[in-house]
Amino acid sequence: MTTTEQRLTPRAMGVPLDRLDGPAKVTGTARYAFEHPQTQPLYLHPVQATVAAGRITAIETGAAEAVPGVLAVLTHLNAPRLADTSDGELAILQSGGVAFRGQIIGGVVATSPETARHAASLVRTAYDEQPHDVVLRAGHEGLYAPDSVNGGYDTDQVQGDVEAALASADVTVDQTYTTPTLHNNPMEPHSTIAVWDDGQLTLYDSTQGVHMVRKSVAPLFGLDPEQVRVISPHVGGGFGSKGNAHAHVVLAAMAARQLPGRPVKLALTRQQMFFLAGYRTPTLQRVRLGADRDGRFSAISVEAISQTARIKEFTEQTAVAARMMYAAPNRRTTHRVTRLDVPVPSWMRAPGECPGMFAAEVAMDELAEACGLDPVELRVRNEPETDPETGHPFSSRNLVACLREGARRIGWERRDPTPGARRENGALVGLGVSASVYPVFRMPGSAARVRAEAGGRYTVSIGAADLGTGTWTALTQIAADALEVPVEHVDLRIGDTALPPATVAGGSSGITCWGSAIVHAARELRGQHGRSPAEGAEAVGETGDNPDTERYAMYAFGAQFAEVRVDADTGEVRAPRLVGVFAAGRIINPKTARSQLLGGMTMGLSMALYEQSHVDPSIGQVANHDFAEYHIATNADIGSLDVSWLDEDDPHVNAMGSKGIGEIGIVGTAAAVANAAYNATGVRIRDLPVTLDAFLS
Amino acid sequence: MRPFDYRRADDIDGAVAMLALNPSAAFLGGGTNLVDHLRLGVTAPDLLVDVTRLGLDRIEPLADGGVRVGGTVRNSDLAADRLVRERYPVLAQALLSGASGQLRNLATTGGNLLQRTRCVYFQDVTTPCGKREPGSGCSALRGYQRYHAILGASSACIATHPSDMAVAMAALDAVVRVRGRDGERAVPLTDFHRLPGDEPQRDTVLQHGELITAVDLPPLPEGMRSRYRKVRDRASYAFALVSVAAVLDVRDGTVADVRIALGGVAHKPWRASVAERELRGAPATADSFRRAADAELAAAEPVEGNAFKVPLVRGTLVAVLRELSEETAR
Chain A
1 MTTTEQRLTP RAMGVPLDRL DGPAKVTGTA RYAFEHPQTQ PLYLHPVQAT
51 VAAGRITAIE TGAAEAVPGV LAVLTHLNAP RLADTSDGEL AILQSGGVAF
101 RGQIIGGVVA TSPETARHAA SLVRTAYDEQ PHDVVLRAGH EGLYAPDSVN
151 GGYDTDQVQG DVEAALASAD VTVDQTYTTP TLHNNPMEPH STIAVWDDGQ
201 LTLYDSTQGV HMVRKSVAPL FGLDPEQVRV ISPHVGGGFG SKGNAHAHVV
251 LAAMAARQLP GRPVKLALTR QQMFFLAGYR TPTLQRVRLG ADRDGRFSAI
301 SVEAISQTAR IKEFTEQTAV AARMMYAAPN RRTTHRVTRL DVPVPSWMRA
351 PGECPGMFAA EVAMDELAEA CGLDPVELRV RNEPETDPET GHPFSSRNLV
401 ACLREGARRI GWERRDPTPG ARRENGALVG LGVSASVYPV FRMPGSAARV
451 RAEAGGRYTV SIGAADLGTG TWTALTQIAA DALEVPVEHV DLRIGDTALP
501 PATVAGGSSG ITCWGSAIVH AARELRGQHG RSPAEGAEAV GETGDNPDTE
551 RYAMYAFGAQ FAEVRVDADT GEVRAPRLVG VFAAGRIINP KTARSQLLGG
601 MTMGLSMALY EQSHVDPSIG QVANHDFAEY HIATNADIGS LDVSWLDEDD
651 PHVNAMGSKG IGEIGIVGTA AAVANAAYNA TGVRIRDLPV TLDAFLS
Chain B
698 MRPFDYRRAD DIDGAVAMLA LNPSAAFLGG GTNLVDHLRL GVTAPDLLVD
748 VTRLGLDRIE PLADGGVRVG GTVRNSDLAA DRLVRERYPV LAQALLSGAS
798 GQLRNLATTG GNLLQRTRCV YFQDVTTPCG KREPGSGCSA LRGYQRYHAI
848 LGASSACIAT HPSDMAVAMA ALDAVVRVRG RDGERAVPLT DFHRLPGDEP
898 QRDTVLQHGE LITAVDLPPL PEGMRSRYRK VRDRASYAFA LVSVAAVLDV
948 RDGTVADVRI ALGGVAHKPW RASVAERELR GAPATADSFR RAADAELAAA
998 EPVEGNAFKV PLVRGTLVAV LRELSEETAR
C-alpha cells in the first residue's frame, strides 16, 4: 500500500509575506496582456451579431474597408478555414450561422483602436432571422440529461428511496430556488496580442492557463503545440472567465495570420464581455428536505436545471454539494440542461457549489424554522461521520468548529428567532448563517523545473498563473520550504508556455497542483544533487498521484454569517456585517489568503444583493450590459468583513497540507444574507438577488 | 467613434455662433455623458465646441438672497460651496448622491441638466429606441423596466431623467438662463425638461445652439428645511430607483409651505404639485403625508417591471416629510 505523501516542514509557509509582485504592480511595470510593448501594433475590433438566431444572408464591408487606416475586415466569407471546428464556441467565422446575439461575425483591423471600432460600426449585415428562445424556465421542453456535468460528475445520483422517506418524514421543506445569470466581470478585460511570424504564433493573453490556451488554439490552425507560445505573467482577475480560451482569442489569431509579422491587439470592451467571455448560467433548483422532529434528515433531494448554448454544452454541477454535505440515508440529485439561443456559459467562481449552496442552505434555514431549531444546531445535528457520497472518511472536516466560532464572532446569541422582532434606527435587523464547502481538486498535468544557480540561488519554473491571487508569492514560499532555503534565494518564473506545463488556475487547485509539482522537483534535485548542487543542475517534478485521494473525501469547509438591515420605509437592504470562518488546511500566505477570502465574500455579498444580468426575451440578450446597470458591490456597500480560519492540520491532502481558498469564500454568502433578511423581516427570498421590491408593502 | 472636430470657444457669443453654423455640432462640458455616447455611437456630432473656458464657472450671491450658479460650475464645486450648503442643503445632498467623486469633478451644471437617459436601450445602438432614432419604437415597453417611468410616460418612451441635481433644483424653483442667437431667455427648471409625448427625442425645450449660462436659485423663505433622499439598489454609484427632494415649513403643527420633486419616476424631474396642494394647510401628520403621496400617485401608470416604484415613492416621500417635519416643527 502506498503511503501518504511526505509532508513539508513549514518555514516560509504560513508567513504573511508581502506580495513579491507588489512593487511592480504599484509602479505600473507589471505587464498585463495588452501592455506588452509591440512595434507598429494593429488593433482589432469584433463585429457582433444583432440577432439571436438565424443566418447571415449578406454582409457589406465596403464602407468599413474604405475608412483610412483599416487594413482588413474579416467575415465568414474570407476568414481562414479552421482545421478543427469541434469546439463550437471557438469555431468562429466558419459559416453564416448565428447562434446567439453578440456572437462574433467579423472583425476589423486598423491602425488605431478608434478607427477599428468606427469601421466595425459601418459593417452592414442582413439576416434570415429565426425565432429565438433565451429564457430558462421550469419544464422547458428542451431539458435533457447530459452525459455528465462540469467537473466530470455524475449527472444523477440516487441512494435509498427519497419519495418514501419524504412521505413519512415528520417535517418537510419543498421549495424552488433560483439564481440569475451572472457575469464574472474581472477588472482587466479579456485581452490578447497575437503575432504570427514564420509559422509561429505568439499570444500575449489574459488567461488563467497559458497551456490551456495553447492546447485550444493550436489545433484550430493546424499547428503543433510547439508552434504556439502563450505569455501571461500577470492577470487582472478572471473568476473562471479566463479559464479557457474564448472566441476573441481565435479572432485575434486569425487576424494575425492575415497580417503576418504585425502584432494585432484586441481588448474586449466591458459591454462585449457580457456576450463573449462566459458567464454563470441561471439555475432553478427544487429542493426537498425530510427530517424527524429533532431535525435529523431522512431525505435530501435536489433537482437542478440550467442552460447552455446551441453551439457548446456546459452543464453547471449545481447539485453536487448536496451529495456530501449532510448525513441523510435517502438522497437524490439530478441535473438537467437545455440549449437556448444564448452565449456560451462557463465557469464562474465556484461553479456548482456557489448556486447549489445558496438553494440548499436557504432550505436548511426553512427546515430549522419548521423544526423550531436554531439553524446552527440543525447543521450540527446533521454532521455526517463519513462522506455520505463515497463512504470514505473525510481527510479533515471542521464545519462544526467553523459554525461555533462564527456564531461567537457575530454575536449569534443575540439573534431573536422570531422574524421581524429586532428594529434599530428605522431598520429591521436580522442575522443569518450558511455553511460553505469546496472540494480539494488535484489534477494531473503540471510539472515544475528547479535549477540551481550561482550563490545558492534557485530558479523555479512552471507555467502557472497569478490572477491577482498571490501565486507569485505563495509558490515562492512553497519552493523555499521544499528546497529548505530562504524565500530570497528563490526566483520564480510563471505564465509562459516556454516553461513546464501547468494546469488551469481553477477549481481552487493551483496551489495543490503546482505546489506539489514544485515540491517533487525540489526533492528530485536534492535527491540527485544534494544540498549543494552545481550551478546548472536541474530537476523536474510532476504533480503526481496522491494515493489518499482514493481513501479520503477531501473538502474545505466554512461557515458564513451575515447581519442584514432592511430600511422600514424604503425596503433598501444592506449587509453591513459579514463573518466568515474557514477550515482549509494549511494557509500558505495569511496575507494573500485573507484577500482571497475577503474577495470571495465580497463577491458573495454582491451576488446576494446586487448582481443580475437581466435577460430581455424580446431582443434576446442581456439588457444591462455595463457597469452602470450591472451592479457589483461598491466600497460603500461593505461594512465589516470579518475573515478568519482555523488552524487545520490535514495530513492527507498534499505535501503542503493546503486545501485551496480561491472559491470557498463565495460559497454560502448569499444564503447567509438571504437567511438574515428573513430573520430581519419575515420575508423569505428564494430568488436572487435580494432587492428592496420584496420588502415593500 | 466617428471622427469629429474639436474647437474651444473663447466667449459665449462665439460658442453660440459656432453651433448655429453647424447643425451637427454639440457643446462639450465635462464630457462625462457625451464622450460615452460618442464611443457607443449614440450620437455622432461633426464638431465639439468646448465651453468650459467661458467664465461661466462662478457661484455668486444674488441681491434678492438667491444664488446664481454658472453653467460650467463643476458638480463637486457646487456641492462644496458654502452658500449652497447653508441655504440649499437639498441641492448639496443631491449632488453628492450622484455619480462618483471623479465624475463630479468633471461634470458641469449645464451638462448635468442635459444628461440623457440611462435607459439601456437608448445606450445600445443595436436595439430600437425612439429617443435615439425617432419612430423606431420603445424596447423598454417589453423589456428591462426597473429604472423606468411611472408618471408622465407615453407609448413612445418610458425613460427617466437620470439627474439628482435637477430634482433638487426642481424643488427649489430654480430658473435656467439660456443664451441663444436671439439673446437670453429664462426658463423655469420645471418647464425646462419635457415629457416624451410623441417626440421622445426631445429631452428639453432648448433649441439647437442654445447654451445654458447659469441656473438661478431663488431664496428660500426663513424657516424652510430641505432634504434629498435617494433610494437605490446599492449604496453608491447607482442611479435612483426613486428620489425625493422636499422643502418644508411646519408652523403650529400645520404645513405652512411645501415643495416636492421626485426623481427616477418620469422623463423629467417630477414636481409633485398635487401632493403639495394636498399638504398646504394640512396637519403635519403621517396621515396627511400618506394622503398627499397617494394623491400624487393616483396618476401613476407603472409597467410590470417597475410597479414596485408606487409603494416605494409613497414610503420614501412619507419618510422624508416625517423627518423634515420633526426637524422644522416650531
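In order, the protein sequence lines correspond to chains A and B.
Read in our numbering, the first sequence has 503 at position 503, and its numbers run on one by one without any break.
Read in our numbering, the second sequence has 843 at position 146, and its numbers run on one by one without any break.
From the three backbone atoms N, C-alpha and C, an ideal C-beta is built for every residue, glycine too.
Three-state secondary structure assigned by DSSP to residue 739 of chain B: coil
Could you pull the DSSP bridge partners for residue 288 of chain A from this structure? A:174, A:301
Which residues in chain B sit within 9 Å of residue 618 of chain A, going by Cβ to Cβ distance? 836, 839, 840
Cα-Cα separation, residue 20 of chain A to residue 453 of chain A: 20 Å
Enumerated in chain order, which unbroken segments of the beta strand (DSSP E) with a length of 3 residues or greater are wholly contained in the region 202–274 of chain A? 228–231, 264–267
Whether residue 986 of chain B touches residue 1018 of chain B by CB criterion (7 Å): yes
At least one CB of chain B closer than 7 Å to the CB of residue 613 of chain A: is that the case? no
Within its chain, find whatever has a CB closer than 8 Å to the CB of residue 279 of chain A; leave out the 5 residues flanking it on each side and keep chain order. 181, 182, 183, 184, 241, 343, 345, 346, 348, 613
Where the region 802–829 of chain B meets chain A: residues whose CB sits under 9 Å from a CB there: 815, 817, 818, 820, 821, 822, 823, 824, 825
State the start and end residues of the unbroken beta strand (DSSP E) segment that holds residue 880 of chain B. 880–885
Please list the partners that residue 191 of chain A has in chain B, where partner means a Cβ-to-Cβ separation under 7 Å. Residues of chain B passing the Cβ test: none, with the nearest at roughly 17 Å.
Do residue 189 of chain A and residue 238 of chain A have their C-beta atoms closer together than 7 Å? no
Of the residues that make up the region 1003–1025 of chain B, which ones have a beta carbon closer than 8 Å to any beta carbon in chain A? 1005, 1008, 1009, 1012, 1013, 1015, 1016
What in chain B is Cβ-close to residue 624 of chain A, meaning under 8 Å? 817, 841
Stretch-stretch touch, CB-based, cutoff 8 Å, three pairs: the region 747–761 of chain B with the region 923–936 of chain B: no
Taking the alpha-carbon positions, what's the residue 578 of chain A to residue 565 of chain A distance? 12 Å
Please classify residue 144 of chain A as buried or exposed, where buried requires at least 16 other C-beta atoms within 10 Å of its C-beta. exposed
Which value, in whole angstroms, describes the spacing of the CA atoms of residue 603 of chain A and residue 217 of chain A? 31 Å
Shorter than 7 Å from the beta carbon of residue 696 of chain A to some beta carbon of chain B? yes
Can you tell me whether residue 234 of chain A is buried or exposed, with buried defined as 16 or more other CB within 10 angstroms of its CB? buried
Helix, strand or coil, according to DSSP, for residue 961 of chain B in the structure here? coil
Along the chain, where does the beta strand (DSSP E) that runs through residue 574 of chain A open and close? 573–583
Please list, in chain order, all residues of the same chain as residue 1 of chain A whose beta carbon is under 8 Å from its beta carbon, the five residues on each side excluded. Note on residue 1 of chain A: pLDDT 38, under 50, position unreliable in the model; the coordinate value appears next. Within the same chain, residue 1 of chain A has close Cβ partners 547.
Quick one: which unbroken beta strand (DSSP E) runs of 3-plus residues sit fully inside the region 741–804 of chain B? Chain order, please. 744–747, 756–758, 764–767
What residue range does the alpha helix (DSSP H) around residue 1028 of chain B cover? This structure leaves residue 1028 of chain B out entirely; chain B is present only between 698 and 1027.
Other residues of its chain near residue 736 of chain B: CB distance less than 8 Å, five sequence neighbours each side excluded: 698
To the nearest angstrom, how far is the alpha carbon of residue 760 of chain A from that of residue 555 of chain A? Since the first and last residues shown for chain A are 1 and 697, residue 760 of chain A lies out of range.
Interface residues of chain B facing residue 691 of chain A [CB-CB closer than 8 Å]: 930
DSSP three-state label for residue 489 of chain A, please. helix
Say whether chain A places a C-beta atom closer than 7 Å to the C-beta of residue 987 of chain B. no
What beta strand (DSSP E) runs, 3 residues minimum, are completely inside the region 110–160 of chain A? 124–129, 157–159
What is the rounded straight-line gap between the Cα of residue 653 of chain A and the Cα of residue 400 of chain A? 20 Å
Let me make sure I understand the geometry here. Which of A:360, A:389, A:357 has the alpha-carbon closest to that of residue 330 of chain A? A:389
Along chain A, in chain order, which residues have C-beta atoms closer than 9 Å to that of residue 933 of chain B? 634, 635, 636, 637
Are any of the Cβ atoms in chain A nearer than 7 Å to that of residue 699 of chain B? yes
Give the range of the beta strand (DSSP E) segment to which residue 330 of chain A is assigned. 330–340
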